[in-house]
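As structure tokens, the structure follows; a few thoughts come after it.
Numbering (my numbering), first residue to last: 308 to 557.
Written out as structure tokens, the structure reads:
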């Protein structure tokens, strides 16, 4: 079908772009701010966070900028987070990231966990997810759609980035994807600038006004991830009332 053909073409293009990196080349490699990549992924998928579905971010503070193919990392996160949203009608989708503690100092890796409280599936079916066109069963395909290629592409990209990917799931209890990716440390100057700016934001009070509940949840999670102190309201009257209260409190 056209959908499958497009998915194959997209996956082939991304994987080919990764080959130079896996062989030690520099094509597509840039100094990447990982929290920014996660926040960008959330922004792209934000409209899919339906009422009753909560986004949770758990980003390790003071992550350094890292040299890696940003497009590949974005593709992996889009696939895994999108998968979590698709199979979770209510509850939460959580993105967690930090340094992989088990990695050697001269072989640094980042670790990511994408966790959802969705429908889940049996451990036997979970192990089939990284095979091309795999879905839990034909009922899943009919109900939720999709070609089943997204997870296969993610697995291949993780492999090319010298990492590992795995999945844990139970029927009715949700699913957790774990993956690691290798990186090269960014330049010290870039890392120090990034940390300095983030520290300057710590504790800063900020007022968010948005009439969309999903947008408010996303913005609040992002701002709290920066150690800021957000207040979120739905409309102008609430905003003016909040500002007046803050003014009176000094």
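Every residue gets a Cβ at the ideal spot worked out from N, C-alpha and C, and that includes glycine.
Cβ-based burial, residue i [other Cβ within 10 Å; buried from 16]
i: residue 464; result: buried
i: residue 342; result: buried
i: residue 543; result: exposed
i: residue 425; result: buried
i: residue 416; result: buried
i: residue 371; result: buried
i: residue 396; result: exposed
i: residue 457; result: buried
i: residue 519; result: exposed
i: residue 409; result: exposed
i: residue 364; result: buried
i: residue 524; result: buried
i: residue 486; result: buried
i: residue 481; result: buried
i: residue 547; result: exposed
i: residue 550; result: exposed
i: residue 534; result: exposed
DSSP-derived helix/strand/coil call for residue i
i: residue 432; result: helix
i: residue 401; result: strand
i: residue 523; result: helix
i: residue 551; result: helix
i: residue 546; result: helix
i: residue 456; result: coil
i: residue 424; result: coil
i: residue 338; result: strand
i: residue 500; result: At residue 500, the pLDDT of 44 sits below 50, so the modelled position is not reliable and the matter cannot be decided from this model.
i: residue 557; result: coil
i: residue 359; result: coil
i: residue 479; result: coil
Residues bridged to residue i [DSSP beta-bridge criterion]
i: residue 507; result: Residue 507 is not bridged to any residue.
i: residue 484; result: 421 and 474
i: residue 538; result: 514
i: residue 492; result: 373
Interface flag, residue i vs chain B, CB-CB below 8 Å
i: residue 399; result: This model lacks chain B altogether, as it is built from one protein chain only.
**Message:** Is it the case that the region 465 to 475 contacts the region 389 to 406, given that we only count it when at least three CB pairs across the two stretches are under 8 Å?
**Reply:** Contact fails: fewer than three Cβ-Cβ distances are below 8 Å.
**Asked** Can you find at least 3 beta carbon pairs, one from the region 508 to 519 and one from the region 432 to 439, that sit closer than 8 Å?
**Response** The region 508 to 519 and the region 432 to 439 do not touch, with fewer than 3 CB-CB distances between them shorter than 8 Å.
**Request:** Any chance you could list the alpha helix (DSSP H) runs of at least 4 consecutive residues sitting entirely within the region 361 to 422, in chain order?
**Result:** Listed in chain order, the complete alpha helix (DSSP H) runs (minimum 4 residues) inside the region 361 to 422 are 377 to 393.
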